[in-house]
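**Q**
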Amino acid sequence: MSRSSVKAICRRLLLVAMVLAAVGSLCAQTSTTAQLQAEIEVLRIQLDVKQQRLEALERELARLQAQPAGARERKMIDEITRDVGRIRGLRAKAPIEFSTLTPEVLNRLLDEEIKGERATEFQGYTVLLKHLGVIPRDMELEKFLRALLTEQIAGAYDDKTKKLYISDKFDLNSSVAKIILAHEICHALQDQHFNLTSSPLHMENNDDRALAALAVIEGDAMLLLGEYAREKASWKTLLELPRLLMMDQSQMASAPPFLYRSLVFPYLTGQTFVMQSIYEGHTGTRNRILREMPRSTEQVLHSDKYFGLALDEPTEIALDELTSGGLIPA
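So the sequence shown is residues 38 to 367, counted in my numbering.
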């Protein structure tokens, strides 16, 4: 073969290689373009879906904003009321009225309790506690109680006005807020079935009996709170619930021991009393103790004195007898 023939073959081979390379490059470019077009189409579909979701959310927001004030709260309260009524066995006899608990509303409610017709009574109570040495002599009891209740109250039920108050500090969509509402709604149902307004809770001449009544009322609602939480809350919320309920306790932590124990007694000892009565097998106990409330805190502390065969009635002491006998200085 001549040298010129070899050169010709090499040129053709080189030409073929260049053609193949060009074709390969074109195919690769065509493949890349197809992939990009496919990705663009997928993204376009995803964008359409997100746009539809956005438009749906905007419509829902507009619908909620167009609802009358309190419509969302009304729906939530009705739902929780149905659940509480089923769990506790006390169906609602009427819708529960509600209002937002702002600092201004709370101060007005406290004024009704501390001032007005009961101002003299509260002042006398403050003097007595200082005289007994259970609170410091320089303590401003009214100021302390206002700060304490502002810190503690997330919701409240007023059996006088038959109204449920919901703190404006709470996100009503949170599990903790719903659990607290369940506790307060339980009070409303107690009132509808057992008329708390006419109960010993409002006795003005027997604080011990009033505290015993409060222990039954709060103890029953505390037990319901746990029952509601176990059914409705997630395990994570249940584990965090004690911490969440104790979030801000600075005022409570600074309370003198007498005040602290007086404030927690209805909740903790009251719940123990209700639980003991159930575990001891007393039929219909939760309703019975609301119809026939304990007559003393002794009966709450020692449930056998309430549930025993013979009811251990409290001993009434007249202060004028003690004064005339020289036991108390006149």
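C-beta atoms are modelled at their ideal positions from N, C-alpha and C, and glycine is treated no differently.
May I ask you to verify whether the stretch 223-243 touches the stretch 254-263, counting CB pairs closer than 8 Å and requiring at least 3?
**A** Contact annotation: the stretch 223-243 touches the stretch 254-263, with at least three C-beta pairs closer than 8 Å.
**Q** Can you tell me where the beta strand (DSSP E) with residue 195 in it begins and where it stops?
**A** 192-195
**Q** To the nearest angstrom, report how far apart residue 170 and residue 291 are at their CA atoms.
**A** Straight across, the Cα-Cα distance linking residue 170 with residue 291 is about 16 Å.
**Q** For the pair the stretch 186-201 and the stretch 142-157, tell me if three or more CB-CB distances fall below 8 Å.
**A** yes
**Q** Residue 287 and residue 188 - do their beta-carbons sit closer together than 8 Å?
**A** Yes, the Cβ-Cβ distance between residue 188 and residue 287 is below 8 Å.
**Q** Is the stretch 163-177 touching the stretch 242-260 in the sense that three or more CB pairs, one from each, lie closer than 8 Å?
**A** Not touching, per the Cβ criterion.
**Q** Does DSSP put residue 35 in a helix, a strand or coil?
**A** Residue 35 is absent from the model: the chain starts at 38 and stops at 367.
**Q** Can you check whether the CB of residue 266 is closer than 8 Å to the CB of residue 117?
**A** Not a contact, by the Cβ cut-off of 8 Å.
**Q** Could you tell me the boundaries of the beta strand (DSSP E) in which residue 188 lies?
**A** Segment 178-189 is the alpha helix (DSSP H) holding residue 188; no beta strand (DSSP E) there.
**Q** Taking the straight line between their C-alpha atoms, what separation do you get for residue 301 and residue 244?
**A** 16 Å
**Q** Are residue 270 and residue 212 touching if we call contact CB-CB under 8 Å?
**A** yes
**Q** Since residue 136 and residue 200 are thought to touch, with beta carbons under 8 Å apart, how far apart are those beta carbons, to the nearest angstrom?
**A** Their Cβ separation, rounded to whole angstroms, is 6 Å, which keeps residue 136 and residue 200 in contact under 8 Å.
**Q** Verify whether the separation of the beta carbon atoms of residue 308 and residue 249 is less than 8 Å.
**A** The answer is no: Cβ separation not under 8 Å.
**Q** Are residue 178 and residue 289 touching if we call contact CB-CB under 8 Å?
**A** The Cβ-Cβ distance between residue 178 and residue 289 does not fall below 8 Å.
**Q** Measure the C-alpha to C-alpha separation of residue 297 and residue 173 and round it to an integer number of angstroms.
**A** 14 Å
**Q** Please list the terminal residues of the continuous alpha helix (DSSP H) segment that includes residue 141.
**A** 140-151
**Q** Residue 328 to residue 231, Cα distance in whole Å?
**A** 6 Å
**Q** Relative to the C-alpha of residue 110, which candidate in 236, 343, 314, 214 has its C-alpha closest?
**A** For residue 110, the closest alpha carbon among the candidates 236, 343, 314, 214 is that of 214.
**Q** Tell me whether the beta-carbon of residue 254 lies closer than 8 Å to the beta-carbon of residue 275.
**A** No.
**Q** Rounded to whole angstroms, what is the Cα-Cα separation between residue 125 and residue 268?
**A** 12 Å
**Q** Considering only DSSP beta bridges, list what residue 200 is partnered with.
**A** 134, 195
**Q** Which complete beta strand (DSSP E) runs does the stretch 229-281 hold, if anything under 3 residues is left out?
**A** none
**Q** What residue range does the alpha helix (DSSP H) around residue 157 cover?
**A** 156-169
**Q** Buried or exposed: which applies to residue 90, given that a residue is buried once 16 or more other Cβ atoms fall within 10 Å of its Cβ?
**A** Classification of residue 90: exposed, given that the 10 Å Cβ count is below 16.
**Q** Which first and last residues belong to the alpha helix (DSSP H) in which residue 303 is found?
**A** 294-316
**Q** Could you check the C-alpha separation between residue 80 and residue 94 for me, to the nearest Å?
**A** 21 Å
**Q** Inspect the beta-carbon positions of residue 306 and residue 314 and report whether they are closer than 8 Å.
**A** no
**Q** Leaving out five residues before and five after residue 326 in sequence, what residues of the same chain have Cβ atoms less than 6 Å from its Cβ?
**A** Here the set comprises 253.
**Q** Can you grab the Cα-Cα spacing for the pair residue 331 / residue 92, in whole Å?
**A** 59 Å
**Q** Specify, as a first and last residue, the run of the alpha helix (DSSP H) that residue 289 falls within.
**A** 287-290
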